[in-house]
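So the structure is just underneath, and the comments pick up after that.
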Amino acid sequence: MIPDPSRMRDGLARMIAEAVDRIWGPEVLEDDQQAEVASSSNPEFGDLSCQVAMQLARKVRTGPVEVARRIVEELGPVPGVSSFTVDGPGFINITLSGSFLASYCHSLAVSGLGPHLPDLGAGRTALVEFVSSNPTGPLTVGHCRQAVLGDAISRLLGAMGWKVSREYYYNDGGRQMELLGRSLEVRYRGGEESDIPEGGYRGNYLSGWAEDLRSEYGDGLEWESDRDTFVSYAEKRAMDMIRSDLELLGIGYDRFFTESELIPEAVDRTIHMLKRTGTFGESLVYSDPGSSNKLWLRFTELGRPQDRVIRREDGSYTYRMPDIAYHVDKFRRGYDLLVDVFGSDHLDTSRDVVAALEAIFGADEVRRRLRVVIHQFVTLLCGGERIKMSTRSGEYVTLSRLVEDVGSADVTRYLFLTRRAEAHMDFDLDLARRESSENPVYYVQYAHARISGILRTAEDAGVNVPEEYDPRMEDILSGVHERELMRLLESIPVETAAAAESLEPHRLTEILASLATGFHRFYQHVRVVDGDRPFESSSRLMLCRACMRCIADLLGILGVNAPRRM
RNA sequence: GCGCCCGUAGCUCAGCUGGAUAGAGCAGCGGACUUCUAAUCCGCAGGCCACAGGUUCGAAUCCUGUCGGGCGUACCA
């Protein structure tokens, strides 16, 4: 059996729980979680630790240190563990054996991180919706964060065994598109700035489209008769622009889903469902007292702050309604997991959508299958100035401009992923550019490139990593620096799984930084390739290769390249 | 006003389903290249974890309140 950190931890937790059962009886532990075995914070406390003794002390009326001692005594020797100690207020600290760590690292070196990541998805399907910006102009810095976040979450789930699809949903039939078409038409006929309607779009990109439109269709188009041409042309150009912006970051979708694919059947059906689900015999949907055509949804009945109009006087829907119908559609399509990635400006709407879904499918079902990630806004600092972004005014920093200014998709992606979604983010453009040689990304990539260099040197010297693990390697890797690096590698699969479970890709940047530091430190102290000592070289090379595979695999999950030379 | 998010080193941020001395990058200061890449490493300095209470054997982490900042509070999306 391949040595594996996750299995080792689970196994130890189970053994500890069983030991507790044998000593104090099965009713003492509330659940298996209580005996959880986690990474130790500090090497002097071993590799792993368990704090169950401190939690049990009161219940079994024994001091925590004594509780820990009895558990350790009951455990006896465990394969893969070199020692158990009781430290501090009652921690059970566990030191893994050199052979366990070395053979695990051999597996990493040969097969990479993949086989050691827990199969959380187990082939189940997930749909990740992100960006979903209406096609009215180029994507901005704000979308950039969401794009990178959604893509990284998708990759992360994919790495954990989920079958992931990415979807972009947009409204192609609403008032916004009408305004966009109208704004294009003004440019097309060479109208004045003041002709652009209230709420219309003023970006320069529209002039270019207008020119192209003229050369394609001539200059005889009229708003009254060719409305659809203007609108659909604008939509097409806008979506082309969005797609190519996303491509700059290496982001693609499995499907672009438009609102018109829903209307009218799906929306009507959804309204029907909501009508039937009212409590106290009262429908969730009710007509406006002043107009039979206008419909309200009784959100207050669902614990939301206020009722909302879902269908206007003229029969068109407000944005919440198709959004709910779209989510119903996604539920119906049978995905095991739905992930929505939204900016904080959509929080309120999202809550309403979730409330409506709970009314239709039941709260348990929704809680089990839908997870919403809300990220905070990005403030762009440029020349010490804060830039407020707005697509409509035409004043904004576009995603493509940003990627160009930062100078690299890798850097852009990585920098956006170093903060957790809920944290506000100041993105200092000057700093991103200026620091680009001493950037956290390059720090990590450099570790990868350095190891690649070692591998090249090793190849020239005829040193390689054997296909099969050789138990004698354990002795070579017993030095403090080797040991330290193996300890670090041991924690990676578990940490990665935790990042996936919480949908927090930023944790991978933390893992990568510590991995790179670990390697750089190791490199400083240990010579790997030594022509006179082939077995030593090969053993250490194995460790380097394990490290390199982990870095490459984790960077891959973030969508960042792992260069072999820098 | 109400709802959600945030407040940790000079700056940007990790750490938050409670645990053992609070971390990183940048900026500052001082060291280390005859070496598989110095885009590196080592050291120093820098903190009432916004504030006040509470729960606990134990709180940056959980609860309450206060003060700051962001977003939302549309028959726009």
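The first sequence lines up with residues 492 to 1057 when you count with my numbering.
Every residue gets a Cβ at the ideal spot worked out from N, C-alpha and C, and that includes glycine.
Per-residue DSSP class, three states only, for residue i
| i | result |
| --- | --- |
| Trp700 | helix |
| His866 | strand |
| Leu1049 | helix |
| Glu658 | strand |
| Leu640 | helix |
| Arg746 | strand |
| Met1057 | coil |
| Phe1026 | helix |
| Tyr817 | helix |
| Leu976 | helix |
| Arg941 | helix |
| Arg646 | helix |
| Ile754 | coil |
| Ser782 | strand |
| Asp473 | Outside the shown range of the chain, which is 492 to 1057, sits residue 473, and nothing can be said about it. |
| Asp919 | strand |
| Gly672 | helix |
| Lys440 | Residue numbering for the chain in the displayed model covers 492 to 1057; residue 440 lies beyond these limits and cannot be assessed. |
| Phe591 | helix |
Residue environment, residue i, which counts as buried when at least 16 other CB atoms sit within 10 Å
| i | result |
| --- | --- |
| Cys1035 | buried |
| His939 | buried |
| Leu922 | exposed |
| Pro496 | buried |
| Ile967 | buried |
| Gly682 | exposed |
| Val722 | buried |
| Glu992 | exposed |
| Glu488 | A question about residue 488 goes unanswered here, because the residues of the chain that appear run from 492 up to 1057. |
| Gln797 | exposed |
| Met1057 | exposed |
| Ile493 | exposed |
| Glu535 | exposed |
| Gly694 | buried |
| Gly1009 | buried |
| Asn930 | buried |
Paired residues, beta bridge with residue i - DSSP
| i | result |
| --- | --- |
| Ile585 | Leu539 and Phe575 |
| Gly834 | His866 |
| Met499 | None; Met499 has no bridge partner. |
| Met545 | In DSSP, Met545 forms no bridge with anything. |
| Ser899 | Bridge partners of Ser899: none, in fact. |
| Trp653 | DSSP lists no partner for Trp653. |
| Trp787 | Tyr777 and Val800 |
| Leu861 | Leu829 |
| Thr889 | Thr631 |
| Lys808 | Note that residue 808 corresponds to Tyr in the displayed sequence, not to Lys. Looking at the DSSP assignment, Tyr808 forms a beta bridge with Arg802. |
| Thr616 | Lys654 |
| Val528 | Cys541 |
| Arg877 | Leu872 |
Supposed close pair residue i, residue j - CB separation, criterion 8 Å
| i | j | result |
| --- | --- | --- |
| Val563 | Leu893 | No, Val563 and Leu893 are not in contact; Cβ-Cβ is about 55 Å, not under 8 Å. |
| Ser594 | Ser573 | Not really, about 14 Å apart at Cβ, beyond 8 Å. |
| Leu775 | Glu792 | 6 Å |
| Ile1042 | Leu979 | At roughly 11 Å, the Cβ-Cβ gap does not stay under 8 Å, so Ile1042 and Leu979 are not in contact. |
| Cys873 | Leu920 | 5 Å |
| Val1051 | Val932 | 7 Å |
| Val832 | Val845 | 14 Å between Cβ atoms; not a contact. |
| Tyr696 | Gly628 | 6 Å |
| Val819 | Thr809 | About 16 Å; that fails the 8 Å criterion. |
| Arg1058 | Tyr744 | Residue 1058 falls outside the range modelled here, since the chain spans only 492 to 1057, and no answer is possible. |
| Glu620 | Tyr660 | 6 Å |
| Leu890 | Asp736 | 5 Å |
Counting pairs of Cβ atoms below 8 Å between the segment 1035-1047 and the segment 998-1011, do you hit three or more? yes
Inter-stretch contact (C-beta, 8 Å, three-pair minimum) for the segment 972-987 and the segment 913-920: no
Do three or more CB pairs link the segment 645-654 to the segment 844-862 at distances below 8 Å? no
Taking contact to mean at least 3 C-beta pairs separated by less than 8 Å, is the segment 530-548 in contact with the segment 575-586? yes
Taking one C-beta from the segment 785-802 and one from the segment 711-723 each time, how about it: are there three or more such pairs within less than 8 Å? no
Indicate whether the contact test is met: 3 or more Cβ pairs, each with one atom in the segment 804-817 and one in the segment 601-611, closer than 8 Å. no
Can at least three beta-carbon pairs, one atom from the segment 1009-1021 and one from the segment 955-964, be found at a separation below 8 Å? no
Are at least three pairs of beta-carbons, each pair with one atom in the segment 1020-1028 and one in the segment 623-640, less than 8 Å apart? no
State whether the segment 687-695 contacts the segment 740-758, with contact taken as three or more CB pairs (one from each stretch) at a distance under 8 Å. no
Counting Cβ pairs, one atom from each stretch, are 3 or more of them under 8 Å apart for the segment 825-841 and the segment 853-869? yes
Can you confirm whether the segment 493-510 touches the segment 522-535 when touching is taken to mean that 3 or more C-beta pairs between the two stretches lie within less than 8 Å? yes
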